Amino acid sequence: MLLRSTAAELTKLARRPANWLMLAVGTALGLTFTYLLPLAGAAGAAGAPNSDRGLAATLPDQLVGNSIGGLPVFLGAIALVIGVLAVGTEYGWGTWKTVLTQGPSRLVVYGGKLVALAAAMLVLVLTIFATGALVSAAIALSEGSPMTWPAVGDLVSGAGAGWLIASTWAVLGALLAIGMRGVALPMGLGLVWLLVVQNLLLGVAAPLLPWVYDLQLGLPGSNAGSLVASLGASAQSPGVAELTSPLQATLVLAAYLLAFTTLGGWFLHRRDVL
51 MLLRSTAAEL TKLARRPANW LMLAVGTALG LTFTYLLPLA GAAGAAGAPN SDRGLAATLP
111 DQLVGNSIGG LPVFLGAIAL VIGVLAVGTE YGWGTWKTVL TQGPSRLVVY GGKLVALAAA
171 MLVLVLTIFA TGALVSAAIA LSEGSPMTWP AVGDLVSGAG AGWLIASTWA VLGALLAIGM
231 RGVALPMGLG LVWLLVVQNL LLGVAAPLLP WVYDLQLGLP GSNAGSLVAS LGASAQSPGV
291 AELTSPLQAT LVLAAYLLAF TTLGGWFLHR RDVL
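Going by the numbering used here, the sequence shown opens with residue 51, and the numbers climb by one from there.
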């Protein structure tokens, strides 16, 4: 039953144009921040984030950090939107009742959605890695620079970390959609948190208030930023700062992923879906 539900959810994700648009936007944002701006800085332009990193920051040996550096903030926002759409549209279209009358239980449908979201996040992360590899290889060839790639273990670790972070944001989006039974409000609140609140905590409040600094060490955004920083992401990227150890960051993110998953399932099981 779970396999059939997962297959149905994968079909819905693949046939929804908005998801392909989100993938294209995420890829474009990732390439802009990690390759276009450093190249512009090397050509003499400056002032934008990452514009002063130089040509060396765009070469293949920096692939891991460049590929996952956007996940704490703007690529994380893409993942959250996909999670909201995967669940919240069922409320807007009134299709929960139709799906559940076909036989599967609420938790089976929910499990299918989560597995499908995990697959979608893996596609997102691997697409960022693949496009980054192509662009960095083209830059190295055009500049006559050595094409030194990260070790296989580093690539696997980076992709795994990126998948964990992206999945955490996507499941948070699903949780917000279930809790608020819709799309607009959970998407708005989720994006405000990702793009505004957590950056204000990190950049403004934490340096001034010790208790805010201590608080942020337990938040998913700060731990996502710490994890990608430990794997080579630029500290100039939004939300990237090595505040905790890689082990702590991984455990905290895994705990949030489990908590978001459990809470979303509990809400869906206990509350009316209409």
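Even for Gly, the Cβ is constructed at its ideal location relative to N, Cα and C. Predicted, not measured: the structure shown is a model, and the values here were computed from it.
Item: For Leu303 and Leu277, believed in contact at Cβ under 8 Å, the rounded distance; Value: 7 Å
Item: Sequence-distant residues of its chain with Cβ nearer than 6 Å to Glu59 (five each side left out); Value: Gly162, Lys163 and Ala166
Item: CA nearest to the CA of Gly238, picked from Ala299, Gly133, Pro270 and Pro296; Value: Gly133
Item: Of the listed residues Thr218, Ser55 and Ala299, nearest to Ala309 (C-alpha basis); Value: Thr218
Item: Three-state secondary structure (DSSP) of Met51; Value: coil
Item: Cβ contact check for the segment 279 to 289 and the segment 114 to 124: 3 or more pairs under 8 Å; Value: yes
Item: Residues of its chain near Val221, where Cβ-Cβ distance is below 8 Å and the 5 sequence neighbours each way are ignored; Value: Gly133, Leu164, Leu167, Leu307, Phe310, Thr311 and Gly314
Item: Pro122: first and last residue of the uninterrupted alpha helix (DSSP H) it sits in; Value: Note, Pro122: premise wrong, no alpha helix (DSSP H); not H, not E.
Item: Bounding residues of the alpha helix (DSSP H) (the contiguous stretch that carries Pro236); Value: Ala234 to Val242
Item: 8 Å CB neighbourhood of Pro110 in its chain, flanking five on each side removed; Value: Ala183, Ser186, Ala187, Ala190, Met197, Thr198, Trp199 and Pro200
Item: Status (buried if at least 16 other CB within 10 Å, exposed otherwise) for Val206; Value: exposed
Item: Every unbroken alpha helix (DSSP H) inside the segment 146 to 172 [4 residues or more]; Value: 146 to 150
Item: C-alpha gap between Leu226 and Ser55, whole angstroms; Value: 21 Å
Item: Assigned exposure category for Thr145 - 16 Cβ within 10 Å defines buried; Value: exposed
Item: Classification of Gln248 by the beta-carbon crowding that lies within 10 angstroms, buried from 16 upward; Value: buried
Item: For Trp143, the three-state DSSP class (helix, strand or coil); Value: helix
Item: Sub-9 Å separation of Leu135 and Ile228 beta-carbons; Value: no
Item: First and last residue of the uninterrupted alpha helix (DSSP H) at Gly203; Value: Val202 to Met230
Item: Straight-line Cα distance separating Met51 from Gly326; Value: There is simply no residue 326 to check, as the chain begins at 51 and stops at 324 in what is shown.
Item: Span separating the alpha-carbon of Gly119 from that of Thr151; Value: 43 Å
Item: CB contact flag (Leu252, Ala291, <9 Å); Value: yes
Item: Other residues of its chain near Gly240: CB distance less than 7 Å, five sequence neighbours each side excluded; Value: Leu130, Val134, Leu222, Gly223 and Leu226
Item: Delimiting residues of the alpha helix (DSSP H) encompassing Trp316; Value: Pro296 to Arg320
Item: Unbroken alpha helix (DSSP H) run spanning Leu79, endpoints; Value: Pro67 to Leu81
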